[in-house]
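Asker:
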Amino acid sequence: MLRITFINVGYGDSILVEELKSGRRIFSMLVDGGNPYDQRYKHAYDSHAGQTPAWRYLQGRGIERLDLVVLTHFHLDHIGGIPDVVKTFPCGDLWSNYVFSGRPPAIDVGKKRRYRPESRMMVHSLRLLAELSDFAGHQNKEIHEMRRNEFNLPLTSELSVDRFGVDEAIYARMDGLVRDICAKGGARGATVGSGDCAAEDVEAQLFGLDKILNASCAALRLSYRGRSVLLAADLPATYWYPILDAGHTIGADILKFSHHGQKDGVSKRFASAVNPSNVVFCVSEDNPFHCPNPSVFSFFDATTRFDATGIVPLPPAWKPHPAHSAVVFEIGDDSSIRLMLQ
Numbered sequence: 001m002l003r004i005t006f007i008n009v010g011y012g013d014s015i016l017v018e019e020l021k022s023g024r025r026i027f028s029m030l031v032d033g034g035n036p037y038d039q040r041y042k043h044a045y046d047s048h049a050g051q052t053p054a055w056r057y058l059q060g061r062g063i064e065r066l067d068l069v070v071l072t073h074f075h076l077d078h079i080g081g082i083p084d085v086v087k088t089f090p091c092g093d094l095w096s097n098y099v100f101s102g103r104p105p106a107i108d109v110g111k112k113r114r115y116r117p118e119s120r121m122m123v124h125s126l127r128l129l130a131e132l133s134d135f136a137g138h139q140n141k142e143i144h145e146m147r148r149n150e151f152n153l154p155l156t157s158e159l160s161v162d163r164f165g166v167d168e169a170i171y172a173r174m175d176g177l178v179r180d181i182c183a184k185g186g187a188r189g190a191t192v193g194s195g196d197c198a199a200e201d202v203e204a205q206l207f208g209l210d211k212i213l214n215a216s217c218a219a220l221r222l223s224y225r226g227r228s229v230l231l232a233a234d235l236p237a238t239y240w241y242p243i244l245d246a247g248h249t250i251g252a253d254i255l256k257f258s259h260h261g262q263k264d265g266v267s268k269r270f271a272s273a274v275n276p277s278n279v280v281f282c283v284s285e286d287n288p289f290h291c292p293n294p295s296v297f298s299f300f301d302a303t304t305r306f307d308a309t310g311i312v313p314l315p316p317a318w319k320p321h322p323a324h325s326a327v328v329f330e331i332g333d334d335s336s337i338r339l340m341l342q
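Here it is in structure tokens:
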């Protein structure tokens with residue numbers, strides 16, 4: 001049996017994948033870690049029914065080890081919980097859309113410094129990315145960078161994965177921005193808005209990095225006993241067009257909707273190519289973007305079932321489900337699909 005658990009980490013992604021035989025777990029992987037359980041996000045986790053940091057959910061499920069940890073990209077709502085996870089549980093392989101090398105940016109983003117929220121969070125994300133790299137180094141582990149498309153990679157004898165990598169032009173731009181920011185960011189501690197051109201430039205680069213990061217995601221398509229699950233990260237729908245043009249399939253029974261239900265995550269061509277029977281939104285009821293966007297549902301067949309990790313209204317009844325900590329799918333040995341709200 002394959003169990004796919006979409007953990008309620010609020011507005012963020014964290015997905016646990018387990019293969020079980022005779023009730024015994026033989027493989028487990030985590031894709032992304034949601035937001036960090038820190039001063040900024042602790043209140044949201046603790047005050048919203050069902051929301052749980054990834055490490056705590058894994059402990060409650062009796063996870064003792066993760067064979068694979070995957071980071072699709074380093075926006076805070078995906079990388080935030082990863083350091084706590086890898087420090088709490090023994091891990092096997094590590095995959096990431098980008099491998100950081102060097103020192104994190106020494107940028108002061110205190111309240112007196114006029115950085116946009118996206119730029120502040122990007123500094124936090126880069127520090128966590130450096131922390132993950134340091135952890136891997138201390139554990140003598142190599143982080144595998146998902147740079148190219150690879151298909152039908154075996155994870156177990158029954159479970160395989162298609163790995164969709166980062167567009168080369170996007171990767172080059174992202175890498176250049178990261179290197180520039182870390183090389184000069186915070187070197188002089190100048191206040192943005194003070195007329196210091198270097199500080200203004202770093203803030204603009206941080207903001208620019210935030211804006212291209214969704215397009216830098218890596219994505220996964222899991223296959224098990226004739227069923228498929230597409231974990232689309234935060235990718236725009238247009239990312240998939242060259243892959244479809246090359247003749248590759250992205251069809252899936254279960255789709256993790258990209259970008260938490262924002263409009264850029266779907267198009268008519270993409271929805272038709274995936275043709276899912278189940279769509280899951282990783283989103284919270286308190287998200288500031290009013291996700292899922294009501295327009296996205298019309299791209300799918302009338303028989304498609306929609307679920308969300310948070311308490312948000314969904315068609316056809318447009319009423320939220322009761323509070324829950326996860327949306328869980330089980331693909332049986334007979335290829336049947338069972339859905340539970342946990």
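Just so we're aligned: the sequence shown equals residues 1 to 342 in UniProt numbering. Where is the CB? At the ideal position from N, CA and C, for every residue including glycine.
Quick check: what's the CA-CA separation for residue 240 versus residue 78?
Answerer: 21 angstroms
Asker: DSSP three-state label for residue 256, please.
Answerer: strand
Asker: Which runs of the beta strand (DSSP E) spanning at least 3 residues fall entirely within the segment 290–319, listed in chain order?
Answerer: Listed in chain order, they are 305–308.
Asker: Give the DSSP-derived three-state secondary structure of residue 282 in the structure shown.
Answerer: coil
Asker: Based on DSSP bridge pairs, tell me the residues matched to residue 219.
Answerer: 164
Asker: Could you check where the beta strand (DSSP E) with residue 150 kicks off and where it finishes?
Answerer: 150–154
Asker: Helix, strand or coil for residue 132 per DSSP?
Answerer: Residue 132: helix per DSSP, three-state reduction.
Asker: For the structure I just gave you, are there three or more beta carbon pairs, one from the segment 162–178 and one from the segment 139–153, closer than 8 angstroms?
Answerer: yes
Asker: Which value, in whole angstroms, describes the spacing of the CA atoms of residue 126 and residue 297?
Answerer: Take the alpha-carbon of residue 126 and the one of residue 297: they are about 34 angstroms apart.
Asker: Report the partner residues of residue 5 according to the DSSP bridge assignment.
Answerer: DSSP lists 16, 328 as the bridge partner or partners of residue 5.
Asker: Skipping 5 residues on each side, what residues in its chain have a beta carbon closer than 6 angstroms to that of residue 18?
Answerer: 3, 25, 28
Asker: Could you give the DSSP three-state label for residue 178: helix, strand or coil?
Answerer: helix
Asker: Which same chain residues end up closer than 6 angstroms to residue 307 when comparing Cβ atoms and leaving out the 5 residues on each side of it in sequence?
Answerer: 280, 327
Asker: I need the straight-line Cα distance from residue 200 to residue 72, nearest angstrom please.
Answerer: 29 angstroms
Asker: Go ahead and label residue 343 buried or exposed: buried means 16 or more other beta carbons lie within 10 angstroms of its beta carbon, across all protein chains shown.
Answerer: The requested residue 343 does not occur in the structure, where the chain is confined to residues 1 to 342.
Asker: Which residue from 66, 158, 291, 139 puts its Cα closest to that of residue 334?
Answerer: 158
Asker: DSSP three-state call for residue 141: helix, strand or coil?
Answerer: coil
Asker: Looking only at its chain, what residues have a beta carbon closer than 7 angstroms to the beta carbon of residue 123, apart from the 5 residues adjacent to it on each side?
Answerer: 105, 107, 109, 206
Asker: Distance check for residue 15 and residue 286, CA to CA, integer angstroms please.
Answerer: Looking at the two C-alpha atoms, the distance is approximately 20 angstroms.
Asker: Do you know how far the Cα of residue 258 is from the Cα of residue 311?
Answerer: 18 angstroms
Asker: Which same chain residues, not among the five before or five after residue 313, have their C-beta less than 7 angstroms away from its C-beta?
Answerer: 319, 320
Asker: When we look at the beta-carbon of residue 262 and count the other beta-carbons within 10 Å, is it buried (16 or more) or exposed?
Answerer: buried
Asker: With DSSP run on the structure shown, which of helix, strand or coil describes residue 192?
Answerer: Annotation note: pLDDT 43 at residue 192 (below 50); position unreliable, coordinate value reported separately. Reduced to three states, the DSSP call for residue 192 is coil.
Asker: Thinking C-beta only, is residue 267 closer than 8 angstroms to residue 252?
Answerer: no
Asker: Identify the continuous alpha helix (DSSP H) that holds residue 50 and give its terminal residues.
Answerer: It is not in any alpha helix (DSSP H) - residue 50 carries neither H nor E in the DSSP assignment.
Asker: Which whole-angstrom value is the C-beta distance of residue 45 and residue 10, which I expect to be below 8 angstroms?
Answerer: 7 angstroms
Asker: Report the three-state DSSP secondary structure of residue 28 (helix, strand or coil).
Answerer: strand
Asker: Going residue by residue through the segment 82–115, where are the continuous alpha helix (DSSP H) segments of at least 4 residues, counting only ones entirely within it?
Answerer: Listed in chain order, they are 82–88.
Asker: Note down the Cα distance separating residue 97 from residue 119, rounded to an integer number of angstroms.
Answerer: 20 angstroms
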